[in-house]
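Enquirer: Counting from 0, one number per residue, gives the positions in the sequence shown under numbering that gives the first Met the number 0.
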Amino acid sequence: MSNWLDKIMPSMIRSDSKQRTSVPEGLWKKCPKCGAFLYKPELDKNLDVCPKCEHHLRVSARRRLDIFLDEDGREEIAAELEPWDRLKFKDSKRYKERLAQNQKATGEKDALIAMKGRTLGIPLVAVSFEFNFLGGSMGQVVGEKFVRAANIALEERIPLVCFSASGGARMQEAILSLMQMAKTAAVLERMKQEGIPYISVLTDPVFGGVSASLAMLGDLNIAEPYALIGFAGPRVIEQTVREKLPEGFQRSEFLLEHGALDMIVHRHEMRFKIASVLAKLTGQDQPEAEAAIDLEGIKPDQPAPESTDAPAS
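(1) List the whole-angstrom C-beta distance separating residue 230 from residue 211, where the pair is believed to meet the contact cut-off of C-beta under 8 Å.
(2) When you compare each of 138, 240, 162 to residue 84 by their alpha carbons, which one comes out closest?
(3) Determine the burial state of residue 76: buried for a count of at least 16 other Cβ atoms within 10 Å of its Cβ, exposed for fewer.
(4) Considering only residues of the same chain and omitting the five flanking positions on each side of residue 132, which have a CB-CB separation below 7 Å?
(5) Would you give the residue range spanned by the alpha helix (DSSP H) that residue 182 belongs to?
(6) In chain order, what residues of the same chain lie with their CB nearer than 8 Å to the CB of residue 117, ignoring the 5 residues before and after it?
(7) Taking C-alpha atoms, which residue in 121, 268, 78, 222 lies nearest to residue 281?
(8) How about the segment 193-203 and the segment 155-164: do they share at least three Cβ pairs that are nearer than 8 Å?
(9) List, from N- to C-terminal side, the beta strand (DSSP E) runs of 3 residues or more that fit wholly inside the segment 129-157.
(10) On the CB-based measure, 16 or more other CB atoms within 10 Å of its CB, does residue 235 come out buried or exposed?
(11) Which partner residues of residue 230 appear in the DSSP bridge assignment?
(12) First and last residue of the alpha helix (DSSP H) that includes residue 273?
(13) Can we say the segment 140-158 touches the segment 168-182, given the rule of at least three CB pairs closer than 8 Å?
(14) Would residue 74 and residue 115 be called neighbours here (beta carbons separated by less than 8 Å)?
(15) Could you tell me the distance, in whole angstroms, from the CA atom of residue 119 to the CA atom of residue 237?
(16) Provide the residue span of the beta strand (DSSP E) that contains residue 28, from first to last.
(17) Taking C-alpha atoms, which residue in 228, 152, 239, 94 lies nearest to residue 248?
(18) Could you pull the start and end residues of the alpha helix (DSSP H) that residue 116 belongs to?
(19) What distance in whole Å lies between the Cβ atoms of residue 206 and residue 232, which are believed to be in contact at a cut-off of 8 Å?
(20) Whole angstroms is fine: what's the gap from residue 130's alpha carbon to residue 287's?
(21) Take the Cβ of residue 180 as the centre, count every other Cβ of all protein chains shown within 10 Å, and call the residue buried at 16 or more, exposed below.
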């Protein structure tokens, strides 16, 4: 025999469903830090920085380069490279299937995009990791793209800028992925010997083989605010040392305080800061500062939905 709760549950479910669908899909995005619902057009103009708490939301690799590079004169590097399952790797799913799934989900062939272009008029090569592609993991294609980008920087004697967002080396490629650490470090050593600037920008998150190689080898190591950066995860470290880690451990602010980073730069200021540093290093004229982002006039047609969840810690 059904009780009173069984009788009213269907109507409660229908009511809740109607409430959810009344919010236009894709119009709002929830801040993972403060829990506020953010109007998507406003968030886009604000470079995916929460206007409520200044949290830097994760962005795709292509979006990152769109934000960083000048619109004119962009040229993608090694866009034809595609990964392949050389080891016929299989865990709960075949690696070949994982590749196809991630390519469809992201629209990218692998986890790194490389482009030649300009930032506030300063010629350079820029690469960016796509974290949504297998956690931004570094395999053969990622390593090869990075090296080709660095070689162009060497040939044309222009700086290289890398935006990292990665969980580390790609386990499905085993030793072939681990060798990319040495491969990328070797080409960066050549750049150092030739006096070609390399700036590394660490974004949330950077771990494993990427943090242990190319991400921390910059002539200048920059991070975005509150980015999670390390080698092993905090739970692994706590289990190993059998101690509670300090508050904010592995956040960019903690790393800056302990000398592991050179500076933390807000996303709004990243283009100007990097262009200014590169102009100084390469003897070019200093770029003009960009106008501040104005969010006035961007108002939603409907009020934001009310959040019922607690904000992320």
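We put the beta carbon where it would ideally sit given N, CA and C, even for glycine.
Remember, predicted model here, so these are calculated numbers, not experimental data.
Expert: Walking through what the data contain:
(1) As a position in the sequence shown, residue 230 is number 231, starting the count at 1. As a position in the sequence shown, residue 211 is number 212, starting the count at 1. At roughly 6 Å, the Cβ-Cβ gap stays under 8 Å, so residue 230 and residue 211 are in contact.
(2) On the sequence shown, residue 84 is found 85 positions in, with the first residue counted as 1. Checking every option, the nearest Cα to that of residue 84 belongs to 138.
(3) Counted from its first residue, the sequence shown places residue 76 at position 77. It is buried - the Cβ of residue 76 has at least 16 other Cβ atoms within 10 Å.
(4) On the sequence shown, residue 132 is found 133 positions in, with the first residue counted as 1. Within the same chain, 101, 105, 107, 109, 110 come within 7 Å of residue 132 by CB-CB distance, once the 5 residues on both sides are set aside.
(5) Residue numbering aside, residue 182 sits at position 183 when the sequence shown is read from its first letter. Per DSSP, residue 182 belongs to the alpha helix (DSSP H) from 173-193.
(6) As a working mapping, residue 117 is identified with position 118 in the sequence shown. Answer for residue 117: 68, 69, 71, 72, 123, listed in chain order.
(7) Translated into the one-based positions of the sequence shown, residue 281 becomes position 282. Of the listed residues, the one whose Cα sits closest to residue 281 is 121.
(8) Of all C-beta pairs linking the segment 193-203 to the segment 155-164, three or more are shorter than 8 Å, placing the two stretches in contact.
(9) none
(10) Within the sequence shown, the letter at position 236 stands for residue 235. Residue 235 should be labelled exposed.
(11) Here the question's residue 230 lines up with position 231 in the sequence shown. DSSP, once it has assigned bridges, lists no residue as partnering residue 230.
(12) Here residue 273 refers to the residue found at position 274 when the sequence shown is read from its first residue. Note, residue 273: alpha helix (DSSP H), 269-281.
(13) yes
(14) By one-based count along the sequence shown, residue 74 stands at place 75. By one-based count along the sequence shown, residue 115 stands at place 116. Annotated as proximal: residue 74 and residue 115, with beta-carbon spacing under 8 Å.
(15) In the sequence shown, residue 119 corresponds to position 120, counting from 1. In the sequence shown, residue 237 corresponds to position 238, counting from 1. Answer to the nearest angstrom: the Cα atoms are 44 Å apart.
(16) Looking up residue 28 in the sequence shown gives position 29. Residues 27-29.
(17) As a position in the sequence shown, residue 248 is number 249, starting the count at 1. It is 228 whose Cα lies nearest to the Cα of residue 248.
(18) Counting from 1 along the sequence shown, the entry for residue 116 is found at position 117. Unbroken run through residue 116 is the beta strand (DSSP E), 111-118; no alpha helix (DSSP H).
(19) One-based indexing of the sequence shown puts residue 232 at position 233. One-based indexing of the sequence shown puts residue 206 at position 207. With a contact defined as Cβ atoms closer than 8 Å, residue 232 and residue 206 qualify at about 7 Å.
(20) On the sequence shown, residue 130 is found 131 positions in, with the first residue counted as 1. On the sequence shown, residue 287 is found 288 positions in, with the first residue counted as 1. Approximately 32 Å, taken between the alpha carbons.
(21) Start at 1 with the first residue of the sequence shown, and residue 180 comes out as number 181. Its Cβ being crowded by 16 or more others within 10 Å, residue 180 is buried.
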